[in-house]
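Undergrad:
In the working numbering, the protein residues as written are 164 to 1045.
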C-alpha cells in the first residue's frame, strides 16, 4: 500500500538512496511523493507504452502491487532483464483466482503470471500465509518481510464506512450480550481443535456471571473465527460447548467474510492458537486497532510486542487453564474492567506503528543484498546505521491533509488488472475458438494426436522406402555445366525478386548513415525509423520484424559469444561494421547514436541533423569528430571532473592503471612517465564525448577501429583470465559482466585528440556547433606518433603476418575482431590466383594437343546393300563404303 511504500522510501532516501516514482495514474499521493523529494512520472496504462522508460538508468526497481504488472512488458525483455526487481505483493485477489483459472482452462493467464513472478528477483510478502496461497507461481524467489500498516488502516476504514451501522444487529446480538471472540492462526495443524476445546473450557466458569431469565439462552456469547472448517470440527466444538454448560447457540463459528464486523462487536478477543509463528498475528493487530482487549498465549513473537498488563494480557501456552484467572481479572460485573479498558486503549496506540521498525529495516537489508551499485556512486547507509527515530513509525502524518484516505491507501485488491486480463483472454477466445477447448474436446484431441503420430510414422517409413528404390533405379544425370547454369539461373531470379525498400534507396545517395546498436526488444521504442538511421542488432534474437537492421553477429561471429557481446557492448557493432565495410556501408561518413541517448531525450533533433549534414557537405571542419553528448553534463559526473578523473570514477578508480598497462602491452614499450603526461587530456574548460554518439568520416572510422582492435586485445589479455574465472575485474567493485565497457566508452576521445582530429560539439536541440580543444592550441600536447595511420597500419600488418605465418595456438582476441590482412597475404593471394590461371591455361593447351594428336581409324572394308524385293525380279546392286 501507499503508506508502507512511502514510509520505506522516505527512510531509504535518508539513507542516501535516490528515488524516482512511476505511477500508472495520477492522484493525491503524487504530491506526497514530491514532498519527500521524489520526482513522479505518470505512465500510460497501455501495456505497450511503459517501454518508453530506460530501466538501465536505475540500480533497482521496487514494484508495489500486482496492478503494476504492465511495467513487466519491458522488464521481461533484454536489455532490462538484468535490472534487479523487488516486487511487493499485498493482494489476496489473484491467489483466490488461481483455482478458478485452473478449473476454467485459463492456462494462458496462469502461465503469464508465472512468467512475471519469475522475472522479479524477489517477491516480498507482508505475512507468511500469502506465499502459501501463491505457491503455484513460486520460482524460488519468495521472501517475507512481516508487518504492514494495512491492518490498522483496514480497521480505521471499516469504522469510517460503518459508523452509523450497528454490527451487533447483523450478527443477531443484543446490546446486553457480552461477546468473546476466539481467533487463531490461518494455518491448519493437528492441535488446532484441542486448543479451541481448552479455551472453551477455560471460558466456561464465566457463565456464572451472566444469568438469564431464559435458561436456554445466555448473555455470554462466544464467536469462533476460523478459516476453512469441516462439519465434523463444528460438531465436536458444539458438543464441547454443551458439556461445559453453554446453551445451544451461545457458541458459534463465523465465516471469514465477517471478520471486521465480528471484531468490532467483540468485548474482548482471545488468540487461541499456541503454534509458534514467525510474525505477529495480523488479526491481533486489527483487534488492537479497534481498541479491543487482547488476551494471547505467551508465544515468543507475542511477548516481543505485547507487554503483559500494559497493552494486552498473556496466559501460559503450556497451561491454557490459567486463561480462566486472566479472564476473571479482566472482567468486572460482567463487563471489561477499567484496567482492561486502559490496556485496550494503550494497545490501540501501540498497534498503529506495530512492526514498523522491523519492516523498514527488512527492506533496507534486502536492498543491501540485491542491489549492486556502480563505482561512481556513494554507497548508502547500512540497515544498522538507520536512526531509530526514522524507522519506528509509519508516516501517517504525510496523509493528514489527504481526503478519502481509504481510497488512496486501499488494500490494493488488484481486481482491476485481473478483470483486464480476463477480458483479453475472453476476446482472444472469441477470435480463436480453437484455443479454448472443453474437457471432452481435450480428451478427443489426445486420441487424435495419437492417431496423427501413428500416421506420421507410417509416412516416414514409406518415404524411406521410396528413396531407397529411387536410388537403385537408373537416372539420367546432367553434366556439371548444366548444374552450374541452373544454379546461376536460380540465383539471378532470386536477386531480381529482391525489392529494395524506400529507406535503403534513400540511404544509398546520402553522405551519412548513423547506426544505432541495440540488444533486445526492450530497446525498440528508442530506435529511429528514418533513412538517416539504421539499427545494428548485437544478437540474432530480438531483431525488429520488417526493419532494415544489420545482424552484427552474422558479420562478426565473435558476438555469438555472450561473454564478448556483453563486455564489448557497442564496440561489438563497431567491429562488425568495419569488417569488410564496403559490402554494407557505402557512405562517405558514418555515425553512431546510443539508444540510451534517445531514452534520455538527448538525441539529435531535425535541426541538429541538418546542421551536421550541411557541415559535412561544405567540409566546414574537414576530417572532424562531431559529438552531441557531453561529459560535463553526464549524470555520473556530479563534481564536473576532468577526463581521467571521470574515467577513474566510473571504473573503480583504476581507469588510468588499466589504460597504462594496455598501452604498454599494445605498443611493447615501458612507460617512464605518468599516463597524464604521455596521453595528456587537458582541463581547458571544454568537454568530451560520452555514450558513443558521434559522427566522423568512414576512412577515419576504419582507422579508429584499427587502433581499437589492438587496444581491446591488450585489455582482454590483461583481464580475461580473472574476469572469466571469477566475474571480477579491477574496473568494478562487484561482479560485472561488462567489465571494461565503460573504459571503451571514452577511449574515442583519446584517439580523436591525439590523432589530431578536430573535435566539434553539436547541440542536439539547436544544431549549434562549437569546436572543443582547439586544434591550433594542441601543439606540444598530442602524442601523434602513437596514433598516426602509418604506425597503426604497420602494427596491424605485423599482427596479421604473425597470425597468418605462425598460426599461434594461444587464446588471441585480435584475429576474431575483424579482417586479418597484410601485404604479404595480398601478394600470396595474387600469386595463387596467377598460378591457378596458368594451370587452367595449361589444361586448355593440353586438351587441344590431345585432340590434334588423336589417331584416326581407317576404313575396314565394303558393304553391299541388297536391293529391295522386286515383283519383276530385276536385280539392282548398291555398294556402300565402310
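Idealized CB from N, CA, C, for every residue including glycine.
1. To the nearest angstrom, how far is the alpha carbon of residue 584 from that of residue 272?
2. Mind pulling the alpha helix (DSSP H) runs of 4 or more residues that sit fully within the stretch 195-250?
3. Where does residue 618 land, buried or exposed, given buried means 16+ other C-beta within 10 angstroms?
4. Could you check which residue in 413, 559, 399, 275 has the C-alpha nearest to that of residue 588?
5. Would you mind stating whether residue 483 and residue 404 have Cβ atoms separated by less than 8 Å?
6. Which ranges does the beta strand (DSSP E) cover as unbroken runs of at least 3 residues, wholly within the stretch 373-436, from first to last along the chain?
7. Mind reading off the beta-carbon distance from residue 875 to residue 689? Whole number of angstroms is fine, and I expect it under 8 Å.
8. Under the three-state reduction of DSSP, which class applies to residue 269: helix, strand or coil?
9. Between the Cα of residue 973 and the Cα atoms of 880, 959, 305, which residue gives the shortest distance?
10. Can you tell me the Cβ-Cβ gap for residue 853 and residue 792, rounded? I've got them flagged as a contact below 8 Å.
11. CA-CA distance, residue 238 and residue 230?
12. Tell whether a beta-carbon distance below 8 Å holds between residue 800 and residue 788.
13. Could you tell me which uninterrupted beta strand (DSSP E) segments, each at least 3 residues in length, are contained entirely in the stretch 289-374, listed from first to last along the chain?
14. So, are the CB atoms of residue 527 and residue 175 less than 8 Å apart?
15. Expressed to the nearest angstrom, what Euclidean distance is found between the alpha-carbon atoms of residue 509 and residue 451?
16. So what's residue 694 in DSSP terms, helix, strand or just coil?
17. If contacts are defined as beta-carbon pairs under 8 Å, then residue 249 and residue 307 qualify, I think. What distance do you get, rounded to the angstrom?
18. Excluding sequence positions up to five away, which residues of its chain have a Cβ less than 7 Å from the Cβ of residue 867?
19. With residue 386 and residue 342 assumed to form a contact (beta carbons below 8 Å), what rounded beta-carbon distance in angstroms separates them?
20. Residue 1026: buried (16+ other C-beta within 10 angstroms of its C-beta) or exposed?
21. Residue 718 and residue 712: beta carbons closer than 8 Å?
22. For the candidate residues 370, 459, 349, whose alpha-carbon lies nearest to that of residue 418?
23. Just grab the DSSP bridge partners of residue 683 for me.
24. To which residues of the same chain is residue 280 closer than 7 Å at the C-beta, ignoring the five residues directly before and after it?
25. Within its chain, find whatever has a CB closer than 8 Å to the CB of residue 458; leave out the 5 residues flanking it on each side and keep chain order.
26. Starting from the Cα of residue 557, find the closest Cα among 227, 292, 516, 549 and give me that residue.
27. With a threshold of 8 Å on Cβ separation, who are the neighbours of residue 817 within its own chain once the five nearest residues in sequence on each side are excluded?
28. Could you round the C-beta distance between residue 445 and residue 320 to whole angstroms and report it? I think they count as a contact, below 8 Å.
29. Flag this pair as yes or no: are the beta carbons of residue 219 and residue 252 separated by less than 8 Å?
30. Is residue 571 helix, strand or coil by DSSP?
31. Per DSSP, what kind of secondary structure is residue 934 in: helix, strand or coil?
32. Rounding to the nearest angstrom, what Cα-Cα distance links residue 1007 and residue 1013 in this structure?
33. What's the call for residue 165, buried or exposed, on a 16-neighbour Cβ count within 10 Å?
34. Helix, strand or coil: which one does DSSP assign to residue 788?
35. How is residue 448 classed by DSSP in three states: helix, strand or coil?
36. Compute the Euclidean distance between the alpha carbons of residue 453 and residue 414, then round it to the nearest angstrom.
TA: According to the data block:
1. Working through the chain shown from its first residue, we reach residue 584 at position 421. Working through the chain shown from its first residue, we reach residue 272 at position 109. Approximately 7 Å, taken between the alpha carbons.
2. 235-238
3. In the chain shown, counting from the first residue as 1, residue 618 sits at position 455. Counting Cβ neighbours within 10 Å, residue 618 comes out exposed, since fewer than 16 surround it.
4. On the chain shown, residue 588 is found 425 positions in, with the first residue counted as 1. Closest option to residue 588, Cα to Cα, is 275.
5. If you number the chain shown from 1, residue 483 lands on position 320. If you number the chain shown from 1, residue 404 lands on position 241. 8 Å or more divides the Cβ of residue 483 from the Cβ of residue 404.
6. 383-388, 414-417, 431-434
7. As a position in the chain shown, residue 875 is number 712, starting the count at 1. As a position in the chain shown, residue 689 is number 526, starting the count at 1. At roughly 26 Å, the Cβ-Cβ gap does not stay under 8 Å, so residue 875 and residue 689 are not in contact.
8. Numbered from 1 along the chain shown, position 106 holds the residue referred to as residue 269. Residue state, collapsed to three classes: coil.
9. By one-based count along the chain shown, residue 973 stands at place 810. The shortest C-alpha to C-alpha distance from residue 973 to any of 880, 959, 305 is the one to 880.
10. Start at 1 with the first residue of the chain shown, and residue 853 comes out as number 690. Start at 1 with the first residue of the chain shown, and residue 792 comes out as number 629. That belief holds up - the Cβ atoms of residue 853 and residue 792 are roughly 5 Å apart, short of 8 Å.
11. Looking up residue 238 in the chain shown gives position 75. Looking up residue 230 in the chain shown gives position 67. Distance between the alpha carbons of residue 238 and residue 230: 15 Å.
12. Your numbering for residue 800 matches position 637 in the chain shown. Your numbering for residue 788 matches position 625 in the chain shown. Contact: no.
13. DSSP runs (the beta strand (DSSP E)) wholly in the stretch 289-374: 305-307, 341-346.
14. As a first step, residue 527 must be located in the chain shown, where it is residue number 364. As a first step, residue 175 must be located in the chain shown, where it is residue number 12. Closer than 8 Å, so yes.
15. Indexing the chain shown from 1 puts residue 509 at position 346. Indexing the chain shown from 1 puts residue 451 at position 288. One C-alpha to the other measures close to 9 Å.
16. Against the chain shown, residue 694 aligns to sequence position 531. Coil.
17. As a working note, residue 249 is residue 86 in the chain shown. As a working note, residue 307 is residue 144 in the chain shown. About 13 Å; that fails the 8 Å criterion.
18. Taking the first residue of the chain shown as 1, we reach residue 867 at position 704. Excluding sequence neighbours, residue 867 sits near 911, 914.
19. For the purposes of this step, residue 386 is identified with residue 223 of the chain shown, where counting begins at 1. For the purposes of this step, residue 342 is identified with residue 179 of the chain shown, where counting begins at 1. That pair is a contact at about 6 Å.
20. Working through the chain shown from its first residue, we reach residue 1026 at position 863. Counting Cβ neighbours within 10 Å, residue 1026 comes out exposed, since fewer than 16 surround it.
21. Locating residue 718 in the chain shown gives position 555, where the first residue counts as 1. Locating residue 712 in the chain shown gives position 549, where the first residue counts as 1. Contact: no.
22. What you label residue 418 is simply residue 255 of the chain shown in a count that begins at 1. Across the set 370, 459, 349, the C-alpha of 349 shows the shortest separation from the C-alpha of residue 418.
23. The residue labelled residue 683 in the question sits at position 520 within the chain shown. Answer is none; residue 683 lacks a bridge partner.
24. On the chain shown, residue 280 is found 117 positions in, with the first residue counted as 1. Excluding positions up to five away in sequence, the list reads 286, 300, 302.
25. In the chain shown, counting from the first residue as 1, residue 458 sits at position 295. 431, 432, 433, 434, 475, 476, 477, 478, 486, 489, 490, 493.
26. Taking the chain shown and counting its residues from 1, the one referred to as residue 557 is at position 394. Residue 557 has its Cα closest to that of 516, out of 227, 292, 516, 549.
27. For the purposes of this step, residue 817 is taken as the residue at position 654 of the chain shown. Only 811, 893, 894 meet the Cβ criterion.
28. By 1-based counting over the chain shown, the position of residue 445 is 282. By 1-based counting over the chain shown, the position of residue 320 is 157. Going by Cβ atoms, the distance from residue 445 to residue 320 rounds to 15 Å, so no, they are not a contact pair.
29. Locating residue 219 in the chain shown gives position 56, counting from the first residue. Locating residue 252 in the chain shown gives position 89, counting from the first residue. Going by C-beta atoms, residue 219 is not nearer than 8 Å to residue 252.
30. Against the chain shown, residue 571 aligns to sequence position 408. Residue placement at residue 571 is flagged as unreliable, the pLDDT there being 49, under the threshold of 50; the coordinate-derived value follows with that caveat. Residue 571 sits in a helix when the DSSP states are folded into three classes.
31. Numbered from 1 along the chain shown, position 771 holds the residue referred to as residue 934. Residue 934 falls in the strand class under three-state DSSP.
32. As a working note, residue 1007 is residue 844 in the chain shown. As a working note, residue 1013 is residue 850 in the chain shown. Computed Cα separation, rounded: 10 Å.
33. The residue you call residue 165 lines up with position 2 of the chain shown. Classification for residue 165: buried.
34. Walking along the chain shown from the start, residue 788 turns up at place 625. Three-state DSSP puts residue 788 in a strand.
35. Against the chain shown, residue 448 aligns to sequence position 285. Correct three-state label for residue 448: helix.
36. Numbered from 1 along the chain shown, position 290 holds the residue referred to as residue 453. Numbered from 1 along the chain shown, position 251 holds the residue referred to as residue 414. Taking the straight line joining both Cα atoms gives about 22 Å.
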